[in-house]
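As you go down the protein sequences, you meet chains A and B in turn.
For the first sequence, counting from 1, position 28 maps to 28 in our numbering; every step adds exactly one.
For the second sequence, counting from 1, position 15 maps to 267 in our numbering; every step adds exactly one.
Read through the structure below, which is laid out as structure tokens, and then see the notes.
Protein chains: 2
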Amino acid sequence: MPGPRLSLAGTGNVAHELGRAFVANGGHVHQVAGRNPNACAALAAALGAQACTFDAVDAEVVLICVADSAVAEVSSLIPQHLLQAHTSGSVPMDALTPNRRGVFYPLQTFTEGVPAELEDVPLCLEVQDETDRAVLEHLGRILGMQCRSISSEQRKTLHLAAVLACNFSNVLYGLADEVLRSDGMELEMLAPLLQTTVRKAIELGPTDAQTGPARRADTLVLESHIQALHDLPRTAEVYQLLTQYILKHYHG
Amino acid sequence: MPGPRLSLAGTGNVAHELGRAFVANGGHVHQVAGRNPNACAALAAALGAQACTFDAVDAEVVLICVADSAVAEVSSLIPQHLLQAHTSGSVPMDALTPNRRGVFYPLQTFTEGVPAELEDVPLCLEVQDETDRAVLEHLGRILGMQCRSISSEQRKTLHLAAVLACNFSNVLYGLADEVLRSDGMELEMLAPLLQTTVRKAIELGPTDAQTGPARRADTLVLESHIQALHDLPRTAEVYQLLTQYILKHYHG
Numbered sequence: 001m002p003g004p005r006l007s008l009a010g011t012g013n014v015a016h017e018l019g020r021a022f023v024a025n026g027g028h029v030h031q032v033a034g035r036n037p038n039a040c041a042a043l044a045a046a047l048g049a050q051a052c053t054f055d056a057v058d059a060e061v062v063l064i065c066v067a068d069s070a071v072a073e074v075s076s077l078i079p080q081h082l083l084q085a086h087t088s089g090s091v092p093m094d095a096l097t098p099n100r101r102g103v104f105y106p107l108q109t110f111t112e113g114v115p116a117e118l119e120d121v122p123l124c125l126e127v128q129d130e131t132d133r134a135v136l137e138h139l140g141r142i143l144g145m146q147c148r149s150i151s152s153e154q155r156k157t158l159h160l161a162a163v164l165a166c167n168f169s170n171v172l173y174g175l176a177d178e179v180l181r182s183d184g185m186e187l188e189m190l191a192p193l194l195q196t197t198v199r200k201a202i203e204l205g206p207t208d209a210q211t212g213p214a215r216r217a218d219t220l221v222l223e224s225h226i227q228a229l230h231d232l233p234r235t236a237e238v239y240q241l242l243t244q245y246i247l248k249h250y251h252g
Numbered sequence: 253m254p255g256p257r258l259s260l261a262g263t264g265n266v267a268h269e270l271g272r273a274f275v276a277n278g279g280h281v282h283q284v285a286g287r288n289p290n291a292c293a294a295l296a297a298a299l300g301a302q303a304c305t306f307d308a309v310d311a312e313v314v315l316i317c318v319a320d321s322a323v324a325e326v327s328s329l330i331p332q333h334l335l336q337a338h339t340s341g342s343v344p345m346d347a348l349t350p351n352r353r354g355v356f357y358p359l360q361t362f363t364e365g366v367p368a369e370l371e372d373v374p375l376c377l378e379v380q381d382e383t384d385r386a387v388l389e390h391l392g393r394i395l396g397m398q399c400r401s402i403s404s405e406q407r408k409t410l411h412l413a414a415v416l417a418c419n420f421s422n423v424l425y426g427l428a429d430e431v432l433r434s435d436g437m438e439l440e441m442l443a444p445l446l447q448t449t450v451r452k453a454i455e456l457g458p459t460d461a462q463t464g465p466a467r468r469a470d471t472l473v474l475e476s477h478i479q480a481l482h483d484l485p486r487t488a489e490v491y492q493l494l495t496q497y498i499l500k501h502y503h504g
């Protein structure tokens with residue numbers, strides 16, 4: 001499954017991980033284009049691709065994997081007759097300048113040094129011209145991803161939902177970590193519970209999966225927790241707000 | 253590895269799942285004791301055990317798997333010369349009445365109809381008399397669990413941390429689900445992101461794992477999210493509080 005002739009624009013985490021995943025799945029990356037010649041040469045060498053500048057890109061499809069704020073400018077530097085797609089969750093498709101434009105947004109986080117799982121991960125696709133969809137879907141299938149048709153408006157909603165569910169749950173993990181460390185324990189002890197919490201929310205839906213003292217309206221435990229958080233007023237504030245939310249939701 | 257002669261007191265989710273796991277791992281359950289003769293007979297039959305009343309329990313160790321509020325009473329009904337351990341996260345060990353008493357608390361959630369993963373899950377052990385620890389550790393090893401010595405005070409802290417990290421993150425999943433459904437999508441799309449968020453928080457620690465617009469102090473995105481939540485004031489309130497928390501934590 002060689003796929004369409006693909007070039008990557010950008011040398012950050014997303015370019016790195018997508019490139020690595022294409023190569024690992026038998027795909028081929030033709031070029032790596034970037035502003036920084038050293039970073040560009042390094043990633044190109046790692047992927048068996050050619051390093052080039054943005055204006056020298058020549059491929060069936062270019063994935064633009066750069067910072068949100070740079071998407072429009074990089075798009076304008078790449079030859080305008082090519083199919084361009086960016087990989088951002090929050091940039092509208094119309095930030096791209098050519099007629100043949102699209103979005104190729106993998107619903108996964110990319111961290112330096114942590115290989116990204118892409119198999120079975122949703123891939124949010126958007127195209128200006130429907131005839132270009134097949135090329136992007138082909139790339140998604142090489143990666144084993146689940147292609148979904150998602151509009152720019154829906155991507156905004158997805159991003160908001162991801163902030164609520166992921167960025168903010170990480171804040172809660174940090175609050176829990178602080179509480180545990182104060183008593184000689186560590187967040188890792190909760191790892192199985194955290195994974196099960198995610199699994200149950202997906203399988204049962206969050207409403208049916210809710211457990212805990214607020215769900216049971218167990219006021220004795222709730223009061224003892226508030227007392228235990230006496231020296232952590234910001235954590236107590238979060239505790240109160242989310243407890244009130246659960247109490248109102250389940251007990252009117 | 254037949255293990256010590258074990259009886260279970262209780263017929264709820266915890267008794268069911270622990271009993272099933274002992275049998276599945278080559279262990280044996282001698283008796284199932286309970287108040288409700290039908291529930292007791294059904295679970296005993298499923299486990300190849302004998303059904304009995306609390307006063308008829310006769311074993312090397314009895315695991316008391318009943319509601320928190322019933323632990324003390326059930327303990328008083330079981331013969332007092334036996335080693336008793338309860339499986340609750342929030343009940344102190346001293347709610348048990350015999351001299352030989354302990355806690356056998358698996359750090360996992362138990363839901364009816366969802367088989368509980370126990371392998372490599374932390375098992376919080378506490379004993380009144382150190383000579384009884386080996387028996388409880390033997391049971392934990394049969395289940396493939398990670399035995400930890402955790403005091404009643406530490407269990408309270410663990411419970412508080414679990415409420416923060418699990419019960420409250422489930423609330424966030426619910427808020428995200430509501431936002432997604434309003435735009436024709438569903439929480440399942442975020443499943444890989446949610447699992448990765450857990451993994452990164454454990455591997456990197458929550459402080460280094462934090463990402464998102466508040467972490468980057470990206471005020472344009474933050475404002476657009478608050479606007480998008482105009483019709484969901486309670487979600488907006490949670491968004492504001494957790495965003496302020498991240499901004500203060502990372503940007504002073």
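Quick reminder that beta carbons are idealized off the backbone N, C-alpha and C, glycines included.
What you are looking at is a predicted structure, and each value in this text was computed from that prediction instead of being measured.
Beta-carbon neighbours of residue i, restricted to chain B and to distances below 7 Å
i: A/F168; result: L424, L494
i: A/M93; result: The contacting residues do not exist; A/M93 stays about 16 Å from chain B at best.
i: A/R234; result: Y497
i: A/A225; result: It should be noted that the sequence gives His, not Ala, for residue 225 of chain A. Per Cβ cutoff of 7 Å: L412, V415.
Listed by chain order, chain A residues near residue i by CB distance under 8 Å
i: B/L238; result: Residue 238 of chain B cannot be examined here, being either before or after the span of chain B that is shown, 253 to 504.
i: B/S342; result: V221
i: B/Y502; result: Simply none; closest approach about 11 Å.
i: B/T409; result: V179, L180, S182, D183, M185, A228
i: B/A291; result: Within 8 Å Cβ-Cβ: nothing; B/A291 doesn't reach chain A, min ~21 Å.
Under 9 Å by beta carbon: chain B residues contacting residue i
i: A/E17; result: In chain order: nothing, as chain B lies at least about 12 Å away.
i: A/Y239; result: L412, V415, L416, F420
i: A/T131; result: Neighbours of A/T131 on chain B: none; closest Cβ ~24 Å, over 9 Å.
i: A/T211; result: T361, T363, C418, N419, N422
Own chain, CB closer than 6 Å to residue i, minus 5 neighbours either side, in chain order
i: A/A67; result: none
i: A/N13; result: F110, E112
i: A/M145; result: L118, V121, L123
i: B/A293; result: A303
i: B/G300; result: none
Residues near residue i by beta carbon distance below 7 Å, same chain, minus five either side
i: B/L295; result: T263, A267, H268, G271, V284
i: A/R148; result: P122, L123, C124, L125
i: B/H345; result: It should be noted that the sequence gives Met, not His, for residue 345 of chain B. Same-chain partners within the cutoff: R353, G354, V355, E378, Q380, S404.
i: A/A39; result: T11
i: A/A217; result: L247, H251
i: A/C65; result: L8, A9, G10, G12, V14, A15, L18, T87
i: B/T471; result: none
i: B/A461; result: K452, A453
i: A/F54; result: A9, A33, V74, L77, I78
Chain-order list of residues whose beta-carbon lies under 8 Å from that of residue i (same chain, five-residue window excluded)
i: B/L391; result: G255, P256, L258, F274, G279, V313, L315, F356
i: A/L180; result: E186, L187, M189, L190
i: A/L194; result: Y173
i: B/I394; result: M253, G255, F274, N277, G278, G279
i: B/E389; result: L377, C399
Within 9 Å, strictly: CB atoms of residue i and residue j
i: A/S169; j: B/T463; result: no
i: A/A59; j: A/H30; result: yes
i: A/R100; j: A/L77; result: no
i: A/E178; j: A/L232; result: yes
i: A/S75; j: A/P98; result: yes
i: A/Y239; j: B/V415; result: yes
i: A/Q154; j: B/G436; result: yes
i: A/V71; j: A/V91; result: yes
i: A/G34; j: A/A9; result: yes
i: B/V360; j: B/A368; result: First, the amino acid is wrong: residue 360 of chain B is Gln here, not Val. Yes, the pair counts as a contact, with Cβ atoms nearer than the cut-off.
i: A/A214; j: A/T235; result: no
i: A/L204; j: B/A417; result: no
i: B/V387; j: A/P206; result: no
Near the ligand NAP: residue i beta-carbon under 8 Å from a heavy atom
i: B/S401; result: In terms of ligand content, the structure shown is empty, and the ligand NAP therefore cannot be addressed.
Within chain A, the residues that residue i reaches when beta carbons sit closer than 7 Å
i: B/I454; result: L187, E188, A191
i: B/E389; result: None at all; the shortest Cβ gap to chain A is about 17 Å.
Amino acids of chain A, ordered along the chain, whose beta-carbon sits closer than 9 Å to that of residue i
i: B/L427; result: A161, L164, A165, F168, P206, Y245
i: B/V366; result: T196, R199, K200, E203, L204
Within chain B, partners of residue i - CB distance below 8 Å
i: A/P122; result: M441, P444
* Asked: Three or more beta-carbon pairs under 8 Å between the region 469-479 of chain B and the region 436-444 of chain B, yes or no?
  -> no
* Segment contact, 8 Å Cβ cut-off, at least three pairs: the region 121-135 of chain A with the region 402-411 of chain B -> no
* **Continuous beta strand (DSSP E) assignments of at least 3 residues falling wholly in the region 37-89 of chain A** => 50-52, 61-64, 83-86
* **Ordered list of beta strand (DSSP E) runs contained in the region 359-447 of chain B, each at least 3 residues** => 374-379, 398-401
* Contiguous beta strand (DSSP E) assignments of at least 3 residues, all confined to the region 465-499 of chain B -> none
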